[in-house]
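In UniProt numbering, the protein residues as written are 1 to 206.
For each residue, glycine too, the CB sits at the ideal point set by N, CA and C.
Small disclaimer: the values here were computed from a predicted structure and weren't measured.
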């Protein structure tokens, strides 16, 4: 059974080993598989400026194995779109930000779980967490091939600009509305019956 753990600054000390493992898996996937050489680190861990005390991690764990994850970050602070990808956003309204907007980054599922329901569980967890926290929108930078996948499970996306080539892939900035309808749809695809995420006080033994 895959559980989704919510890790914030309040409970991070109890997840030290899992967070370190997730940085290693991120490096394996984003550098080793996807070839994002700008992220390569000598210690084999993908850690960037947004892996600080303000980051929220939603990590998928099956038994003792990490099988997927994602990061949410407040847009009230300098974040990836505002600092790295502002050129992907066009229009007079600029980059969406505010206390009810979070940035959604570093989504991954390990290779052997990409054809099951792990991705849907992670997508449901993102919607569930945001609904619980009063977040109305998430922003993201994504390769365009990924959009049909999230649309197929009930997400809606709104482009913030036009696609541009980044690392050989057409890439676009989008915003994703958070809604009960989207959560219900992805829950059906994931086969979920209960809450999509574990209670915040829950933690694996260190």
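Drop a sphere of 10 angstroms on the beta-carbon of residue 78, count the other beta-carbons inside from all chains shown, and report buried for 16 or more, exposed for fewer.
Exposed, because fewer than 16 other Cβ atoms sit within 10 Å of the Cβ of residue 78.
Span separating the alpha-carbon of residue 13 from that of residue 19
The alpha-carbon of residue 13 is positioned some 10 Å away from that of residue 19.
List the whole-angstrom C-beta distance separating residue 96 from residue 139, where the pair is believed to meet the contact cut-off of C-beta under 8 Å.
The pair is a contact, with the Cβ atoms about 5 Å apart (cut-off 8 Å).
At what residue ranges does the stretch 8-34 contain a whole run of the alpha helix (DSSP H), taking only runs of 4 or more?
Within the stretch 8-34, the complete alpha helix (DSSP H) runs of at least 4 residues fall at 16-27.
Residue 57 versus residue 8 - alpha carbon distance
It is roughly 7 Å from the alpha-carbon of residue 57 to the alpha-carbon of residue 8.
Check whether the Cβ atoms of residue 154 and residue 186 lie closer than 7 Å to each other.
The beta carbons of residue 154 and residue 186 sit closer together than 7 Å.
For residue 193 and residue 121, what's the separation of their Cα atoms in angstroms?
Cα-Cα distance, rounded: 11 Å.
Out of curiosity, what's the CA-to-CA distance linking residue 24 and residue 73?
Their backbone Cα atoms lie some 20 Å apart in a straight line.
To the nearest angstrom, report how far apart residue 182 and residue 131 are at their CA atoms.
Rounded to the nearest angstrom, the two C-alpha atoms are 11 Å apart.
Name the residue from 141, 167, 165, 37 whose alpha carbon lies nearest to the alpha carbon of residue 80.
Ranking 141, 167, 165, 37 by Cα distance to residue 80 puts 141 first.
Closest residue to residue 71 among 36, 117, 125 (Cα-Cα distance):
Residue 125 is the option with its Cα nearest to residue 71.
Nearest neighbour of residue 174, chosen from 143, 28, 152, 199 [CA to CA]
Nearest Cα to residue 174 within the set 143, 28, 152, 199: 143.
Reference residue 46, options 15, 31, 59, closest by Cα:
When each option's Cα is compared against that of residue 46, the closest is 31.
So, for residue 22: in the same chain, excluding its five sequence neighbours on each side, which residues have a beta-carbon less than 8 Å away from its beta-carbon?
Apart from the 5 residues on each side of it in sequence, residue 22 sits with its Cβ closer than 8 Å to the Cβ of 57, 59, 66, 69 in its chain, given in chain order.
How many angstroms separate the CA atom of residue 39 from the CA atom of residue 16?
C-alpha separation (whole angstroms): 21 Å.
State the DSSP-derived secondary structure class of residue 172, mapped to helix, strand or coil.
It is a strand residue.
Looking at residue 147 and residue 89, is the spacing between their C-beta atoms short of 7 Å?
No, they are not a contact pair.
Distance, residue 49 Cα to residue 191 Cα:
Each residue's alpha carbon lies about 35 Å from the other.
For residue 199, which residues of its own chain have a beta-carbon under 8 Å away from its beta-carbon, when the five flanking residues on both sides are left out?
Taken in chain order, the list of residues that qualify is empty.
Comparing C-alpha positions only, which one of 84, 188, 196, 99 sits nearest to residue 105?
Measuring from the Cα of residue 105, the nearest candidate turns out to be 84.
Are residue 61 and residue 27 closer than 7 Å when you measure CB to CB?
Cβ atoms of residue 61 and residue 27: not closer than 7 Å.
Where do the ends of the beta strand (DSSP E) carrying residue 62 lie?
First-last of the beta strand (DSSP E) with residue 62: 56-62.
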